[in-house]
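Undergrad:
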Ligand SMILES: Cc1cc2nc3c(=O)[nH]c(=O)nc-3n(C[C@H](O)[C@H](O)[C@H](O)COP(=O)(O)OP(=O)(O)OC[C@H]3O[C@@H](n4cnc5c(N)ncnc54)[C@H](O)[C@@H]3O)c2cc1C
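Residue numbers (the working numbering): 7 to 364.
(1) Can you tell me which of the three DSSP states residue 309 falls into?
(2) Do residue 83 and residue 93 have their C-beta atoms closer together than 8 Å?
(3) Can you give me the C-alpha to C-alpha distance between residue 195 and residue 330, rounded to a whole angstrom?
(4) With H, G and I counted as helix, E and B as strand and the rest as coil, what does DSSP make of residue 53?
(5) Below 7 Å CB to CB, which residues in the same chain sit around residue 158 once its five sequence neighbours on both sides are set aside?
(6) Under a three-way DSSP split, which group does residue 165 fall into?
(7) Going straight from the alpha carbon of residue 120 to that of residue 226, what length do you get?
(8) Determine whether the beta carbon atoms of residue 185 and residue 57 lie at a separation below 8 Å.
(9) What is the rounded straight-line gap between the Cα of residue 86 and the Cα of residue 173?
(10) Taking 8 Å as the cut-off, decide whether the C-beta atoms of residue 134 and residue 178 are in contact.
(11) Are residue 292 and residue 315 touching if we call contact CB-CB under 8 Å?
(12) Between the C-alpha atoms of residue 284 and residue 143, what's the straight-line distance to the nearest angstrom?
(13) Three or more C-beta pairs closer than 8 Å, one from the segment 245 to 263 and one from the segment 213 to 229: is that the case here?
(14) Tell me the rounded alpha-carbon separation between residue 51 and residue 321.
(15) Would you say the beta carbon of residue 42 is closer than 7 Å to some non-hydrogen atom of ligand 1?
(16) Indicate, with yes or no, if ligand 1 has a heavy atom lying under 7 Å from the CB of residue 50.
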C-alpha cells in the first residue's frame, strides 16, 4: 500500500483530496488527511466570527466521508524529508510515500515588539474565537484598532460596525490608503463607506511597538482597548522550519508541477507555496486541483498536461449587505446602478458558495 498524506484540510488540501476522489484512485493508494481540527474551518469568513455576526458552527464544513480516506487528528510539529516522516506534538510519527503540505499561514509580525503578545489574530479558528471573546468583552463605547488595511482588515472593520454600533472602530495602514493593491476607484468607494459608517481610517502608520492599551506609531501613542493584527502573513511554522528553497515571503519554491524539485514526492499547496498570485482560497483550490491531476498522471506513468490557472477576481464584504470587487479589468461595487449591482451580487453569492464547498 502507498500512503498519500495530506497535511491540512483547508482549501488547498481538500481540493486535492476531492479531485482525486472524483476519479478512480489506484487500489494500492490510501489517502491520509491530517488536521488539528475534525472539520474544515471556513477561513474566508473568520472576520465574521471575530465580529460575532457568524457563529462557530456556521464556519465549519465536514471533511469527506469516504472509505479511501483515513483521518488523523493532531498537531503536526515537524516533517523529516530524508526519511519521509511526519512528527506530531503527541502520538506516533506517520510515514508517507507522497506528501501534500497544505498547512496554511500564520501572522507575520515583522519583529515588532509586543505585536504577537498584545494583539488578536484571525488566522486560525482557535485564535479567532479568542478575538471574538476579547472584542465582545470590550466596555460600551470602547476602542478597537485594526492594524493592516488589506482585505481581511477592511472586512473585519465593516463587520464590527454591523455587530456593535457602540464601538469606536479604527483601521490603521502604513500606506496612503486602505486597500492599496486595489484600484483607486475601489479604494475610494470603501473609504466613503467607512466615512459614512463612522470607521476611523489612519494612514501612514508605522507601528513600532504594541503594549496593552497602546499602539505606538513611532512617537505617537494610539489608545486602544483591543488591537487586531491583519498586517501580514507567513507560511505555517512547520514550513518555516523546513530547509528548502523559499521565496522572499518564506513560501516554498516549486516546479511547474507543484513539486519541490529535489523531492518530487513532495507537493506544497496554498499559502505555503510560492505562486505568481497573492495567497487566496481561490488560488489554493485551483492549485489543489492541478496537484490531483499530477498525482494521477504519476500513478499511471503519464506526463501531466496542466492548463494555466486563471482566478476569478477579488471580492470583499462590507457587512452583510454591501461589498466591492475587482473582476479582471472591471471594477465593481454595490449600490450604484441596478444592473451593475445585480451582477456583482450574483458573482459574490456564487463565489462565496464556491469557497464554502456546500
Ligand atoms: C479574514 C480572511 C478573509 C479571507 N477572505 C478571502 C476571500 O474572500 N477569498 C479568498 O480567495 N481568500 C480569502 N482569504 C485567504 C484564504 O483564507 C487563504 O488564502 C486560504 O485559506 C489558504 O488555503 P490553504 O489550504 O493554504 O490553508 P487553510 O485553508 O488555512 O488550511 C490550513 C489547514 O491546516 C490546518 N493546520 C495548520 N497547521 C496545522 C498543524 N500544525 N497541524 C495540524 N493541522 C494544521 C488548519 O487547521 C487548516 O485546516 C481570507 C483570509 C482571511 C484570514
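Even for Gly, the Cβ is constructed at its ideal location relative to N, Cα and C.
Predicted model, so just to flag it, every value in this text is computed and none were measured.
TA: The short version:
(1) coil
(2) yes
(3) 8 Å
(4) Correct three-state label for residue 53: helix.
(5) Around residue 158: 53, 128, 236.
(6) helix
(7) 16 Å
(8) no
(9) 48 Å
(10) At a Cβ-Cβ threshold of 8 Å, residue 134 and residue 178 do not count as neighbours.
(11) yes
(12) 34 Å
(13) The segment 245 to 263, when compared against the segment 213 to 229, does not touch it at the 8 Å Cβ threshold.
(14) 12 Å
(15) yes
(16) yes
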